Amino acid sequence: MRKKKPLVFISLLMGICITVGIKIIYGHVQQLNGEEEQIGEIETISNEAISNDDYSVDTSSSIMKPHVSSSSEYEEEPSENILKDKKILCIGDSMTYLDNKEIRGGKIIGYQQAFRNEGAIVDSYGISGATFKQYSKEMSTREHGSLYDDLVLNKKANIKDHDYITIFAGTNDISTNFIIGDHSTLDNPKTTLGAFNLLLNYLKETTNARIVVFSPIYTSNLKERPKEDMEKLVEEMRYVTHLNQIEFVDIYHHFEINHKTSEKYLYDKLHPNNEGMDLIGEEMVGVLKTPRLVELPKKE
């Protein structure tokens with residue numbers, strides 16, 4: 129019987145080792161499972177974050193870029209404010225004229241405010257109801273101002289002392305009898321193309337400012353401004369700006385104010401409300417902050 133005791137001791141020792149080994153292995157398995165669950169949870173959160181608009185789309189450029197919340201420790205570095213203390217002249221029709229004007233229901237803060245927010249010095253020359261073309265009793269359906277007459281012939285605005293000039297007009301040329309002319313009438317100020325071309329020529333000869341032309345925005349007032357006429361105007365404005373090597377931005381076709389959103393951003397089917405003005409201003413600031421597309425000869 130005494131000879132069996134070593135065997136019993138060895139059996140017990142082996143049992144203890146096996147038990148301890150099983151517990152160690154089980155602990156490792158639990159740890160691995162926990163890590164896998166944690167990884168799965170991180171992946172789920174990441175996917176949910178992406179689907180919950182952590183990435184915003186810049187609709188003007190269609191570039192996906194990360195959205196950084198104000199509470200994040202990874203704040204985006206502020207870009208250089210190249211518009212600070214720059215002088216900007218805004219030329220246009222009622223869209224330009226409306227800045228800080230009272231309308232039914234309140235005051236309109238124009239797109240110019242976006243420039244002011246950048247620290248720019250803003251001058252505006254906006255004429256409510258103005259066209260590019262000259263007024264003519266025989267050719268116009270109502271009396272209207274003329275940007276060509278006021279700026280080129282009568283020199284009512286100081287053109288020279290500005291760093292930037294924006295032009296935002298054209299929609300009234302359609303509503304007053306659309307005599308757009310053709311490419312053979314570029315020296316005829318009684319047509320829209322002629323007056324527009326002569327205005328650009330005058331600005332190029334007079335100033336070293338960077339000139340940017342913005343097309344009219346979409347309007348849901350299709351009775352006075354038919355879609356086919358608006359598209360023809362934008363197409364021809366693009367041609368004339370290209371001819372003059374002037375920058376052109378098409379915010380009729382490629383912008384957030386369109387047939388789906390016009391009720392939200394236009395207070396009368398034509399003129400932007402404050403939300404619409406904000407969108408226009410942001411677009412213009414974005415354009416002016418990018419390098420110019422063409423370089424024009426410097427004036428003496």
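Under the numbering used here, the first residue of the sequence shown is numbered 129, with each subsequent residue one higher.
Here a beta-carbon is modelled for each residue, glycine too, at the ideal position from N, C-alpha and C.
Predicted model only: the values in this text are computed from it and were never measured.
| Query | Result |
| --- | --- |
| Nearest-angstrom Cα separation, counted from T335 out to R353 | 33 Å |
| Cβ neighbours of N372 in the same chain (closer than 8 Å, five flanking residues each side left out) | N325, L328, N329, K332 |
| Any C-beta of chain B under 9 Å from that of L331 | Of the chains in the structure shown, none is chain B; there is only one protein chain. |
| Three-pair Cβ contact test at 8 Å for the region 300–315 versus the region 238–254 | no |
| Whether L398 touches T299 by CB criterion (9 Å) | yes |
| Any 3 or more C-beta pairs closer than 8 Å across the region 237–244 and the region 266–284 | no |
| Close beta carbons around S268, own chain, < 7 Å, minus the five adjacent residues each side | T304, N305 |
| Between the CA atoms of P400 and H381 - distance to the nearest angstrom | 16 Å |
| Cβ shell of K131 (< 6 Å), same chain only, five flanking positions each side left out | Note that K131 scores 45 on pLDDT, short of 50, meaning its location in the model is unreliable; the coordinates nonetheless yield the value given after this. None. |
| Spatial distance of P317 from F260 (CA atoms) | 8 Å |
| Straight-line gap, A248 to I287 (C-alpha atoms, nearest Å) | 16 Å |
| Under 9 Å between C-beta atoms of V377 and S343 | yes |
| Which listed residue (D396, E384, T319) has its alpha carbon closest to that of M365 | T319 |
| CB-CB length for H290 against K351, believed under 8 Å | The Cβ separation is near 37 Å, so there is no contact. |
| Nearest to M431 (by Cα), restricted to the options T418, I385, L416 | Lying before the first or after the last residue shown, residue 431 is absent from the chain, which here runs from 129 to 428. |
| Spatial neighbours of I271 in its chain, beta-carbon cut-off 7 Å, leaving aside the 5 residues before and after | A small correction: the amino acid at residue 271 is Glu; Ile does not occupy that position in the sequence shown. Same-chain partners within the cutoff: Y263. |
| Boundaries (first-last residue) of the beta strand (DSSP E) holding V340 | 338–342 |
| According to DSSP, residues forming a beta bridge with M375 | Note on residue identity: the sequence assigns Glu, not Met, to residue 375. E375 pairs with V340. |
| Buried versus exposed call for L226 [16 or more other C-beta atoms within 10 Å across all chains shown] | buried |
| Residues bridged to I215 (per DSSP) | Residue identity check: residue 215 is Lys in the sequence provided, not Ile. Per DSSP, I249. |
| Per-residue DSSP class, three states only, for K261 | coil |
| Whole-number beta carbon distance between E410 and F383, since they are thought to touch under 8 Å | Wrong, their Cβ atoms sit about 11 Å apart, outside the cutoff. |
| Proximity of M223 and G238 at Cβ, strictly below 9 Å | yes |
| Sub-9 Å separation of Y292 and A337 beta-carbons | yes |
| With 16 other Cβ atoms within 10 Å as the buried cut-off, status of D213 | exposed |
| Limits of the beta strand (DSSP E) - the one that T294 falls within | 292–296 |
| Boundaries of the beta strand (DSSP E) in which E230 is found, first to last residue | 229–231 |
| Start-to-end residues for the alpha helix (DSSP H) that takes in I408 | 402–417 |
| Assigned exposure category for I231 - 16 Cβ within 10 Å defines buried | exposed |
| Reduced DSSP category for I302 - H, G, I as helix; E, B as strand; rest coil | helix |
| Span of the alpha helix (DSSP H) around G322 | 320–334 |
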